[in-house]
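Residues -20 to -1, 1 to 195 (mature numbering (1 follows the signal peptide of the UniProt record, and there is no 0)) make up the sequence shown, in order.
Scroll down for the structure; my scribbles are underneath it.
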Amino acid sequence: MLFQSLSIAAIFATLPVTLALPNVTARALPADCSSYPEYNEETGNAGPWILNLANSDNANIEGWGDSSVYSVTNSPAGPRMRWGYMTIVSNNQFAKTALQCQDSRLHAWTNTALTAAGAPTNIAWTPLALSSYPYDASLLYLIDGDAPTLYEHYIGDAKQDGYFLGGYNTTTWGVQWQEASGSGSYNQPYFYLRLLPDGQSPKANETKTFVKIRY
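What follows is the structure, encoded as structure tokens:
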């Protein structure tokens, strides 16, 4: 794989100042699908689209898209999908996970169950929720929690282009390289994605970024 030929040091190289996170004011939009781009008045849905990293501190992953990883537990009936979470692909040539808003909630088009042999199945539009732990606020599915919030960005009085995802009163996310975790990550490495609310500093090798809806 081409990506594997790149060193982690190269991926997290020092960036041009122009790609550092700008100082923005994030303004939350109403929690309704009509706030999202490509809203369809007949269906009440918006999308589908994908998520991209935007204004990332790391030029090498600027614009990279979303994927998903799931956690597996064993039960007497066989393997079971406990929950899943949105991630960033380890190679931007990989397929992305589609999202849309329906029933005033962000959903991901993703597998929701496992076969008796442990293969992912039952793909469906699945609601997303933020982790209830602000210090590790990943974007989860198959678990209860608060819905993520859609924001606009302003620099001074100037509205910036696009729509940004966030929660806990922030649109700043951290992405951190993770090695493959078996079948749950489809045997591929990925970038873990979590919100960075006020007071949460990036971890080692964690890059700050915004997450923008691409449509």
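No residue lacks a Cβ here, since even glycine has one placed at the ideal position from N, Cα and C.
It should be emphasised that the depicted structure is a prediction, and the values quoted were computed from it without experimental measurement.
* From the DSSP output, in three-state form, read off Y19 for me. => As a working note, residue 19 is residue 39 in the sequence shown. Three-state result, Y19: strand.
* Asked: Does the separation of the CB atoms of Y121 and G64 fall below 8 Å?
  -> If you number the sequence shown from 1, residue 121 lands on position 141. If you number the sequence shown from 1, residue 64 lands on position 84. In contact: Y121 and G64 (Cβ atoms closer than 8 Å).
* **DSSP three-state assignment for N72, whether helix, strand or coil** => Counting from one through the sequence shown, the residue named residue 72 turns up at place 92. Looking at N72 - three-state DSSP - the assignment turns out to be coil, as it is neither helix nor strand.
* Rounded to whole angstroms, what's the CA-CA distance from A6 to Y131? Just pull it up for me. => Indexing the sequence shown from 1 puts residue 6 at position 26. Indexing the sequence shown from 1 puts residue 131 at position 151. Looking at the two C-alpha atoms, the distance is approximately 6 Å.
* **Selection from S111, D124, T92, A109 that minimises the alpha carbon distance to L102** => Residue mapping note: residue 102 aligns to position 122 of the sequence shown, counting from 1. For clarity, residue 102 is Asn in the given sequence; the question names Leu instead. Residue T92 is the option with its Cα nearest to N102.
* Would P10 be called buried (16 or more neighbouring beta carbons within 10 Å of its own) or exposed? -> Counted from its first residue, the sequence shown places residue 10 at position 30. Looking at its Cβ environment, which holds fewer than 16 other Cβ atoms inside 10 Å, P10 is exposed.
* Of the residues L176, S14, S161, which one's Cα is nearest the Cα of S51? -> The sequence position of residue 51 within the sequence shown is 71, counting from 1. Checked all of L176, S14, S161; the closest Cα to S51 is S161.
* Asked: Taking only runs of the alpha helix (DSSP H) that begin and end inside the segment 131 to 157, which ones reach a length of at least 4 residues, in chain order?
  -> none
* To do: Measuring alpha carbon to alpha carbon, tell me which of Y166, A184, A34, N38 ends up nearest G146.
  => Looking up residue 146 in the sequence shown gives position 166. Per the Cα distances, A34.
* Measure the Cβ-Cβ separation of A8 and T129 and say whether it is below 8 Å. => Against the sequence shown, residue 8 aligns to sequence position 28. Against the sequence shown, residue 129 aligns to sequence position 149. Yes, the pair counts as a contact, with Cβ atoms nearer than the cut-off.
* Asked: For S(-14), which of helix, strand or coil comes out of DSSP?
  -> Start at 1 with the first residue of the sequence shown, and residue -14 comes out as number 7. Any reading at S(-14) must be qualified, since the residue scores a pLDDT of 44, below 50, and its modelled position is unreliable; the value itself is stated next. S(-14): coil per DSSP, three-state reduction.
* Can you tell me where the beta strand (DSSP E) with S47 in it begins and where it stops? -> As a position in the sequence shown, residue 47 is number 67, starting the count at 1. Element bounds for S47: 46 to 55.
* Pairwise C-alpha distance: E21 and D83 -> Stepping through the sequence shown from its first residue, residue 83 is reached at position 103. Stepping through the sequence shown from its first residue, residue 21 is reached at position 41. Rounded to the nearest angstrom, the two C-alpha atoms are 12 Å apart.
* Asked: If we call anything under 8 Å between Cβ atoms a contact, is P28 one with Q80?
  -> Locating residue 28 in the sequence shown gives position 48, counting from the first residue. Locating residue 80 in the sequence shown gives position 100, counting from the first residue. Against a cut-off of 8 Å, the Cβ pair of Q80 and P28 comes out as a contact.
* Please work out which residues of its chain come closer than 6 Å, Cβ to Cβ, to F190, disregarding the five sequence neighbours upstream and downstream, and give them in chain order. => By 1-based counting over the sequence shown, the position of residue 190 is 210. So the qualifying residues of the chain are A34, N35, F144, T151.
* What residue from S47, S111, R194 has the CA that sits closest to K76's CA? -> The sequence position of residue 76 within the sequence shown is 96, counting from 1. When each option's Cα is compared against that of K76, the closest is S47.
* Asked: Going by alpha carbons, who is nearest to L94 out of S111, W157, D116, M61?
  -> Mapped onto the sequence shown, residue 94 falls at position 114. Among S111, W157, D116, M61, the Cα nearest to that of L94 is on M61.
* **Span of the beta strand (DSSP E), counted from its first residue to its last, around Q80** => The sequence position of residue 80 within the sequence shown is 100, counting from 1. Taken as a continuous stretch (DSSP letters only), the beta strand (DSSP E) holding Q80 covers 79 to 82.
* Own chain residues within Cβ distance below 8 Å of L110, not counting five before or after -> As a first step, residue 110 is located in the sequence shown; it is residue number 130 there, counting from the start. Answer for L110: A117, S118, L119, L120, G125, D126, A127, P128, G147, Y148, L175, listed in chain order.
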